Structure formats: structure tokens, C-alpha cells
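Let me begin by presenting the structure, written as C-alpha cells, before commenting on it.
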Amino acid sequence: MAVTLEKIPGQEEKVILSMGPQHPSTHGVLRLVLELDGETVVRAIYDIGYLHTGFEKSFEDKTYSQGITLTDRMDYLASLSNNLAFCLATEKLLDLEIPPRAQWIRVLLTELTRIGSHLVWLGTHAIDIGAMTVFLYCFREREDLMHIFEMVSGQRMMTSFFRIGGLALEPPIGWLKAVEKVLKKFPQRIDEYEGLLTKNPIWMGRTQGVGVISKEDAIAYGLSGPSLRGSGVDWDVRKKQPYSSYDKFEFNVPVRTQGDVFARYMVRVEEMRESLKIVRQAMEGLPEGPIKADAPHIVMPDRESMKTSIESLIYHFKIVTEGFHPPIGEVYQSIESPRGELGIYMVSNGSPKPWRCHVRAPSFANLQALPKMIEGRLIADVVACIGSIDVILGEIDR
Amino acid sequence: MQTGPESNLALQRLRKFNSDAVEEVQAFRGETTINIRANHLRAVCEFLRDEPDLSFKYLSDVTALDHYPGEPRFETVYHLLSFETNERLRLKVRIAGENPRVDSMVPVWPAANAFEREVFDLFGIQFQGHPDLRRILMPEDWEGHPLRKDYPVQGNITRWP
Numbered sequence: 001m002a003v004t005l006e007k008i009p010g011q012e013e014k015v016i017l018s019m020g021p022q023h024p025s026t027h028g029v030l031r032l033v034l035e036l037d038g039e040t041v042v043r044a045i046y047d048i049g050y051l052h053t054g055f056e057k058s059f060e061d062k063t064y065s066q067g068i069t070l071t072d073r074m075d076y077l078a079s080l081s082n083n084l085a086f087c088l089a090t091e092k093l094l095d096l097e098i099p100p101r102a103q104w105i106r107v108l109l110t111e112l113t114r115i116g117s118h119l120v121w122l123g124t125h126a127i128d129i130g131a132m133t134v135f136l137y138c139f140r141e142r143e144d145l146m147h148i149f150e151m152v153s154g155q156r157m158m159t160s161f162f163r164i165g166g167l168a169l170e171p172p173i174g175w176l177k178a179v180e181k182v183l184k185k186f187p188q189r190i191d192e193y194e195g196l197l198t199k200n201p202i203w204m205g206r207t208q209g210v211g212v213i214s215k216e217d218a219i220a221y222g223l224s225g226p227s228l229r230g231s232g233v234d235w236d237v238r239k240k241q242p243y244s245s246y247d248k249f250e251f252n253v254p255v256r257t258q259g260d261v262f263a264r265y266m267v268r269v270e271e272m273r274e275s276l277k278i279v280r281q282a283m284e285g286l287p288e289g290p291i292k293a294d295a296p297h298i299v300m301p302d303r304e305s306m307k308t309s310i311e312s313l314i315y316h317f318k319i320v321t322e323g324f325h326p327p328i329g330e331v332y333q334s335i336e337s338p339r340g341e342l343g344i345y346m347v348s349n350g351s352p353k354p355w356r357c358h359v360r361a362p363s364f365a366n367l368q369a370l371p372k373m374i375e376g377r378l379i380a381d382v383v384a385c386i387g388s389i390d391v392i393l394g395e396i397d398r
Numbered sequence: 399m400q401t402g403p404e405s406n407l408a409l410q411r412l413r414k415f416n417s418d419a420v421e422e423v424q425a426f427r428g429e430t431t432i433n434i435r436a437n438h439l440r441a442v443c444e445f446l447r448d449e450p451d452l453s454f455k456y457l458s459d460v461t462a463l464d465h466y467p468g469e470p471r472f473e474t475v476y477h478l479l480s481f482e483t484n485e486r487l488r489l490k491v492r493i494a495g496e497n498p499r500v501d502s503m504v505p506v507w508p509a510a511n512a513f514e515r516e517v518f519d520l521f522g523i524q525f526q527g528h529p530d531l532r533r534i535l536m537p538e539d540w541e542g543h544p545l546r547k548d549y550p551v552q553g554n555i556t557r558w559p
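The following block contains the structure:
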């Protein structure tokens with residue numbers, strides 16, 4: 001990956017700085033090549049691909065159900081969001097109706113994922129700029145969410161909990177108590193973070209007016225999620241093109257118009273509060289009923305019925321050994337992941353394996369705006385800008 | 399709700415703008431796919447972006463399909479989104495397998511830059527007029543294009559001497 005910047009003839013000598021891939025503030029293995037004039041960034045190029053593992057190729061060699069386990073590993077901070085996008089795309093292909101209880105639990109867990117992901121973002125973003133305390137607080141709170149995920153799916157991060165047609169398991173008794181506990185203490189915690197940062201003169205100095213991206217540029221460069229809403233575009237897939245019954249929940253979409261690092265920070269912090277609202281509604285209105293769709297040739301049967309019914313045993317055998325055959329066609333399903341528009345483009349040729357599965361990773365598009373944000377600014381602002389677009393290299397490189 | 403593809407406003411407008419550009423139309427699960435002839439792609443994209451009642455100003459995604467061993471072998475796929483009308487649209491362009499090339503959409507949507515580099519990297523499709531067409535995910539000295547269907551999933555087996 002020999003990315004170099006050619007010297008422009010006739011220009012005086014500039015310093016070329018290679019930042020990353022092993023750099024604490026590049027959030028993984030992002031490499032930036034910066035051309036510096038003193039401390040000012042003249043040009044910037046990003047270099048990615050260090051984590052490329054060929055997920056899209058691997059999808060083609062796995063059945064739809066097996067593919068879910070790969071999606072966990074793309075955006076590893078929001079694995080449930082990825083599970084959801086993949087399942088929704090497949091369900092759209094199959095034209096499958098999901099029971100309300102499964103949809104509600106999906107909404108609840110993806111919103112908890114959003115909070116968890118934003119906590120990691122806030123912690124690392126703050127530590128990049130020099131606020132150490134917030135980092136420790138955020139990771140403390142994230143632990144509570146991880147406990148919920150572990151309770152529900154048996155895994156802290158690589159959950160694979162959403163399955164095609166519903167959920168893997170009925171969540172255990174008492175899991176809502178754990179959610180309730182989080183809901184109770186979380187609003188004060190967000191106040192606490194905001195108390196440490198929002199009015200902090202150092203924080204304001206480091207973020208306000210830094211990395212400004214205009215509304216037009218944000219749209220042209222394909223920004224999405226909080227980075228787009230920080231630039232004044234009121235667009236949220238949950239609101240505008242609802243999926244998984246998000247239209248039955250009441251929440252606001254925070255929008256800021258300044259387009260700087262501070263605006264993106266405020267959008268995400270407010271989003272955490274809105275997510276709490278959604279979690280509260282989902283918990284209180286959680287319907288009773290099945291957690292899997294009524295489609296025996298697609299959804300795995302219960303363990304119990306497999307022991308008593310020959311049909312279940314046959315279906316189980318068919319699903320595990322062969323998979324199911326969706327109709328020929330193509331769908332694009334997008335969801336609002338914590339980082340923006342996560343889209344799955346799935347093409348089926350009728351075989352049990354996706355013929356093509358492309359992932360539109362939000363970070364991949366968001367990263368394109370980074371050079372625009374940092375060119376002409378000080379090198380210290382680069383760190384603030386990287387943090388503010390919240391890139392996850394796992395989903396960029398896929 | 400399944401409606402016929404011809405009721406799609408973008409398609410109606412497109413047919414009026416240049417009926418020659420539309421090669422084929424498909425509808426599946428409420429999504430409309432329009433196949434555009436390669437030589438009209440740039441004009442069609444600019445039309446879809448600039449027309450006030452369509453205003454597909456946002457390019458969500460660019461990717462490609464490989465129909466190996468069929469011919470025309472490749473298809474590039476563009477997912478457009480309009481904030482104003484809340485509509486999505488999928489455009490496709492068929493490309494021959496021999497020396498595949500298509501016009502770059504970076505002048506229309508700067509967002510296409512990284513996506514087209516990805517397609518170039520993984521499928522080996524040349525984008526004419528792209529400002530910076532280099533490999534993006536694979537190493538620069540890599541041989542072959544991994545997402546092509548004739549590229550083995552397991553990779554090439556290295557034999558030790």
C-alpha cells in the first residue's frame with residue numbers, strides 16, 4: 001500500500017507525514033498521509049484496506065443464515081445493527097412478515113447498541129482531544145449494556161442474535177430489569193458527560209468551528225448519519241423510511257446546522273437521549289407473542305418440537321444442510337446504524353447462497369469527507385476531525 | 399405495496415427526457431431498477447440530479463455485478479436517494495467483459511470517488527474520467543480482482559517449493 005504524495009513541481013519543500021496505521025487516535029488502522037506546511041495540513045490522503053478480509057466474497061460462499069455471523073465482524077461496535085440490516089434485506093427478499101414481539105425486541109436492542117456505540121465514540125473522541133475522565137466513565141456505562149447483550153445472546157460483542165425471520169432465542173427472564181436499571185441511571189450519566197464537556201472552554205475551543213463541512217458538501221460527499229445531521233440535513237432512515245416498525249415509536253431527530261465537530265458531538269449526545277426514549281417505549285409496549293415468523297422452511301424449529309415432531313426434524317435438517325431458496329431478485333435495504341446509512345444490497349439467483357451481497361458501509365462514505373475537513377487546518381485538528389466522523393475500520397475495509 | 403414500474407415518476411420523466419437511454423425496467427419488492435445504456439449514463443445522472451421534482455442529489459452506493467460466464471459480463475449498480483421526494487432509485491449499466499470500462503460519476507456526485515475505486519479494485523472495471531483511480535482495499539501490487547466470479551473464494555493456493 002505504497003501511498004505517496006508526489007511533489008508538486010515549483011513548490012517549496014513540504015513535510016510529508018505518515019499518520020497511522022498504528023496511531024492511537026486513528027481508531028483502528030486508518031493511515032493518513034499528510035502534507036504539512038509548518039503545522040498546517042496542505043493536502044491529505046487516506047489509506048485503508050489493512051483490515052480487508054473479503055466479507056463480500058465470503059457471503060457468496062455461505063448460506064443466508066451463515067452470513068449473519070460475518071456481519072457482526074464488520075462494524076464491531078454495533079454488531080446488532082449489522083445483524084438487523086442483513087436480516088431485513090433477506091426478509092425483504094423473501095417477503096417475510098416478522099411478528100411484532102420480535103420487531104419490538106429488535107428495536108430495543110439496536111437502540112441500546114446505538115447508545116453503546118456512541119459511548120465508545122464519545123470516550124475515544126474525548127480522550128483524543130485530551131479529556132481522559134469521560135473515557136473511563138463511558139466505558140463503565142458501556143459495561144452495563146454489554147451485560148444486557150450477554151444476557152440476551154450469550155455474547156458481549158459478536159451477538160448474531162437476530163436471525164432471518166425473527167430472533168435466535170426468547171430473551172431470558174429478568175432481562176427487562178437490567179434494561180430498566182440502565183434506563184434509570186442513564187439520563188444522569190449523559191448529564192454528567194455533558195457537564196464535563198459541553199460548556200468546557202477547552203472542549204469548545206477544540207471543537208467549535210473545526211472541521212466545518214457545509215450542507216451541500218455533506219450531501220455531495222455522501223455523508224450520512226450524525227455527520228450529515230450535524231450539517232443541517234434532517235434525514236434519518238428510521239424516520240423517513242421506517243423499517244422494523246420504527247414508525248410506531250415517538251422520537252425526535254436531532255439536527256444541528258453548524259457542521260463542525262461540536263455540532264456532530266451535540267447530535268450524537270442528543271441521539272443517546274432519544275434512543276433512551278425509544279428503549280423506554282419498546283420496553284413498556286413490548287407485545288406478547290412468538291419471536292419467530294411462521295415460515296417453517298426458513299426459520300429454525302424449536303429444540304422441543306424437533307424431539308417430538310418429524311416435520312420439525314426434517315425442516316431443521318433441510319435448513320442446516322441446504323438452506324432455503326429465496327426468489328430471484330435484488331433488494332437494497334438500508335437502516336440507520338449508529339454511524340449512518342448502512343445498506344445491504346442483496347442479489348439472489350434462487351440458490352441458498354446470496355449471489356451477491358454488497359455492504360454500503362456508512363464509515364466508508366463518511367471517510368471521504370475527511371480530507372475536505374482537515375485541509376487547511378492545523379494538525380491538532382486532524383485528531384478531532386477523525387473522532388468526529390466516528391469511523392470504524394472494520395466496516396470500511398470489510 | 400407492489401405497483402408497476404411504469405408509475406415511477408423518475409422513469410416517466412426519464413422516458414420523456416431521452417427514451418433511447420432506458421434499456422430495461424424491472425420492479426421487485428417495490429424497488430425500481432432502470433437499466434441505462436452506457437453512453438447515456440452521464441447525461442441521465444445529471445438529469446436525475448438536477449431536475450427539481452426528482453433531485454436525486456444523494457448517491458448512496460455504487461457497486462457492480464459479475465455475470466460470468468454470461469455476456470455482457472458486468473453491470474455497475476448505482477443507488478440514488480432523493481431527500482426531497484424520499485425516493486430511492488437503482489440504475490444499472492451493462493458493460494462488456496472484454497476491457498470493461500464505463501464513465502465515472504465523480505463529476506456528478508463526488509461521493510462516487512471511493513465507491514468507484516472499490517469497484518475498480520475488486521472487479522477491475524475502468525472508470526473513465528475518475529480523478530484518482532487506484533486500488534483502495536487490496537494491496538497495490540495485487541494481481542486479479544477478488545469479487546469476479548472466476549476468482550476462487552479460497553484464493554490462490556500457494557505451493558511451497
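Residue numbers (the working numbering), protein chains in the order written: chain R, 1 to 398; chain F, 399 to 559. Glycine is no exception: its CB is placed at the ideal position from the N, C-alpha and C atoms. On a predicted model such as this, the values are computed, not experimentally measured, just so you know.
Rounded to whole angstroms, the Cβ separation of Ile105(R) and Val237(R) is 20 Å, and the two are not in contact under 8 Å. Of Leu84(R), Arg43(R), Leu286(R) and Leu342(R), the smallest CA-CA separation from Arg398(R) is found for Leu342(R). Chain-ordered, the chain R residues with CB closer than 8 Å to the CB of Ala509(F) read Ala220, Tyr221, Gly222, Ala365 and Gln368. With its beta carbon less than 8 Å from one in chain F, Gly343(R) belongs to the interface. Residue burial annotation: Glu429(F) is buried, with at least 16 other C-beta atoms found within 10 angstroms of its C-beta.
Any Cβ of chain F closer than 8 Å to the Cβ of Gln155(R) would place that residue at the interface, and such an atom is absent. Ile219(R) and Lys455(F) do touch by the CB rule: their CB atoms are close to 5 Å apart, below 8 Å. Contact of Lys57(R) with chain F by beta-carbon distance below 7 Å involves Pro544, Leu545 and Val551. Non-local C-beta neighbours of His316(R) in its own chain, meaning closer than 8 Å and more than five positions away in sequence, comprise Met300, Pro301 and Met306, ordered along the chain. The count of Cβ pairs closer than 8 Å, one atom from the segment 23-32 of chain R and one from the segment 382-392 of chain R, reaches three, so the stretches are in contact. When CB distances to chain R are screened at a threshold of 9 Å, the residues of the segment 508-539 of chain F falling below it are Pro508, Ala509, Ala510, Asn511, Ala512, Phe513, Glu516, Asp519, Leu520, Asp530, Arg532, Arg533, Ile534, Leu535, Met536, Pro537, Glu538 and Asp539, in chain order. For the 8 Å CB-CB criterion, Glu516(F) and Ile534(F) form a contact. Interface flag for Ile48(R) against chain F is set, since a Cβ pair is found closer than 8 Å. Here DSSP, grouped into helix, strand and coil, assigns Val107(R) to helix. Neighbours of Val331(R) in chain F, taken as residues whose beta carbon is under 8 Å from its own, are Phe426, Arg427 and Glu429 in chain order. The C-beta distance from Asp459(F) to Tyr345(R) rounds to 7 Å, short enough to fall under 8 Å. Contact between the segment 192-207 of chain R and the segment 258-277 of chain R is present: three or more C-beta pairs spanning the two stretches fall below 8 Å. Unbroken alpha helix (DSSP H) runs of no fewer than 4 residues, entirely contained in the segment 320-386 of chain R, are found at 362-366 and 370-374, following chain order. For chain F, the residues of the segment 86-103 of chain R that bring a beta carbon within less than 7 Å of one of its beta carbons are Lys92 and Asp95, in chain order. Among the residues of the segment 236-255 of chain R, those with a Cβ less than 9 Å away from any Cβ of chain F are Lys240 and Gln241, in the order of the chain.
Short of 6 Å from the beta carbon of Cys138(R), and not among the five residues preceding or following it, lie these beta carbons of its own chain, in chain order: Leu119, Leu122 and Gly123.
Here Asn82(R) has Thr71, Met74 and Asp75 as same chain residues with Cβ atoms under 6 Å from its own Cβ, once five neighbours each way along the sequence are excluded. Interface with chain R (8 Å Cβ-Cβ cutoff): Tyr476(F) is excluded. CA-CA distance, Ile48(R) to Trp540(F), rounds to 15 Å. Boundaries of the beta strand (DSSP E) around Ser480(F): Phe472 to Ser480.
The three-state secondary structure of Ser18(R), taken from DSSP, is strand. Per the C-alpha coordinates, the member of Glu514(F), Glu485(F), Val506(F) and Phe513(F) positioned closest to Leu452(F) is Glu485(F). If you check the CB distance, Leu167(R) and Lys248(R) do not come in under 8 Å. Beta-carbon to beta-carbon, Asp464(F) and Phe521(F) are separated by about 6 Å, close enough to satisfy the 8 Å threshold. Arg447(F) has its alpha-carbon roughly 12 Å from the corresponding atom of Met503(F).
Taking a C-beta cut-off of 8 Å against chain F, none of the residues of the segment 114-143 of chain R qualify. With a cut-off of 8 Å on Cβ pairs, the segment 318-326 of chain R is not in contact with the segment 32-50 of chain R, counting fewer than three such pairs.
In this structure, the CA atom of Met283(R) is about 37 Å from the CA atom of Tyr221(R).
The Cβ-Cβ distance between Ser244(R) and Gln103(R) falls below 8 Å.
In terms of Cβ geometry, Cys385(R) and Val210(R) form a close pair [threshold 8 Å].
Restricted to the segment 449-519 of chain F, the beta strand (DSSP E) segments that are unbroken, complete and at least 3 residues in length are 456-464, 472-480, 485-493 and 499-501, listed in chain order.
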